[in-house]
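For the sequence shown, the working numbering begins at 1030 and goes up steadily by one. All C-beta atoms in this analysis are idealised placements derived from N, C-alpha and C, irrespective of residue type, glycine included. Working notes, structure below.
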Amino acid sequence: MTSEITKQGLIIKAQSGFFTVETGEGLVICQLRGKLKQGRAHGDIAALGDHVTITLLEDGSGVVENVEERKQALVRLDPRPQGEYQQVLLANADQVIFVFACAHPNPKLRMLDRFLVIAEKQKIPIIIIANKIDLVENAEDIFGLYENIGYRVIYTSAKLEKGLDELRNVLKNKISALAGPSGVGKSSLLNALQPGLGLAVNEISKVMNKGRHTTVTRQMFPLEGGGYVADTPGWKSLALWDTEAAEMDAYFPELRDLVPHCQFSDCTHVHEPGCAVLAALQAEKIYPERYESYLRLRAGQE
Ligand code: GDP
Ligand code: ZN
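Listed below in structure tokens is the structure:
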């Protein structure tokens, strides 16, 4: 009888029931212990980014024995005939990096607002990247408002290799979820940081974008300076499925601070007298375009 060897690790790749676990002493490919599969009808039991305990088998593979409770997770709701299924895109991300371009394609800031709400709800720290600053005169004219609200914005040009040191520092030793529309320069930025990285990440997301019924590989990639980055495509289809209209103001930092000053505790900030948000709007202390996003997302529109 050989005694069982147990190890702790991080799932860095998940593909059709196989999990690649970084143990600190190398990678082990694992499957789930049978008893863990109970409850799998409702959502992913183990997923990219999960911290797990595994036992090693004699052939060098492993078995996932236990999955640690998630700090949080980026989840997509997948309607299936047997009920809704929660797909975990990435568990335990330290931060999410939203990449948008200053131009080509035109920055869709209403989409960014929607992404921000999803990340705020998950309580994941947020970084915004304004890429392609070489294409506009003043990128701060476009993205500066987000800095004023309190978000960190990193201005980059993958083409001119600007802002890369700041980006590298932000990514260091963290697990970062990357998101943003296609064509904004995500792969170019990653390649500029680390040769080959953008290509690797892009290959994965292309496969993922083919649809939810094809075999899905989710993977995070190690950074030379420490840390990991994972593409998390499909934010456009990440619904605000369990978000009530009444909680929406909590996910707009500049509104959140005003809410206690509204006359009514259940103020919707749409028409009420004594509304601190409407007063701030009137006084041009909040951005009308952000308020528009609030109204639209509150109404459950895209
Ligand atoms: P992704 O779809 O977000 O991964 O975007 P890509 O990295 O494939 O970039 C899309 C296009 O934008 C490519 O033609 C890149 O060469 C170009 N591009 C990326 N970053 C920059 C930049 O900072 N400035 C300019 N002018 N073009 C860029
Ligand atoms: Zn109000």
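Taken in chain order, the complete beta strand (DSSP E) segments of 3 or more residues contained in the segment 1242 to 1301 are 1246 to 1248 and 1257 to 1260.
For G1038, no alpha helix (DSSP H) segment is defined; the enclosing uninterrupted segment is the beta strand (DSSP E) at T1035 to Q1044. Annotation for G1212 indicates a beta carbon within 6 angstroms of some heavy atom of the ligand GDP. For D1194, the shortest separation between its Cβ and any heavy atom of the ligand GDP does not lie below 6 angstroms.
In this structure, the CA atom of V1288 is about 21 angstroms from the CA atom of E1176. Boundaries cannot be given for Y1180, as no alpha helix (DSSP H) includes it and DSSP labels it neither H nor E. DSSP links N1160 through a beta bridge to A1130. In the structure shown, V1213 falls within a coil segment according to DSSP collapsed to helix, strand and coil. By the Cβ-count criterion, D1271 is exposed, with fewer than 16 other Cβ atoms from all chains shown falling within 10 Å of its own Cβ. Q1311 has its alpha-carbon roughly 50 angstroms from the corresponding atom of L1039. For E1113, the enclosing beta strand (DSSP E) starts and ends at G1112 to A1120.
Set against 6 angstroms, the gap from the CB of S1205 to the closest heavy atom of the ligand GDP is not smaller. Close CB contacts of D1295 within its chain, under the 8 angstroms cut and outside five residues either way in sequence, are with A1275 (chain order). Within the same chain, and ignoring the five residues on either side of K1150 in sequence, the residues whose Cβ sits closer than 6 angstroms to its Cβ are Y1280.
Closer than 6 angstroms to some heavy atom of the ligand ZN: that does not describe the Cβ of H1290. Its Cα nearest to that of R1247, the residue K1042 stands out among K1042, G1053 and I1155.
Within the DSSP bridge table, the entry for T1049 names K1042 and I1058 as partners. In the three-state reduction of the DSSP assignment, K1064 falls in the helix class, which pools H, G and I. Here K1191 is bridged, per DSSP, to S1186.
The DSSP-derived three-state label of A1328 is coil. For A1312, there is no enclosing beta strand (DSSP E), as DSSP gives it neither H nor E. For H1300, the shortest C-beta to heavy atom distance toward the ligand ZN is 6 angstroms or greater.
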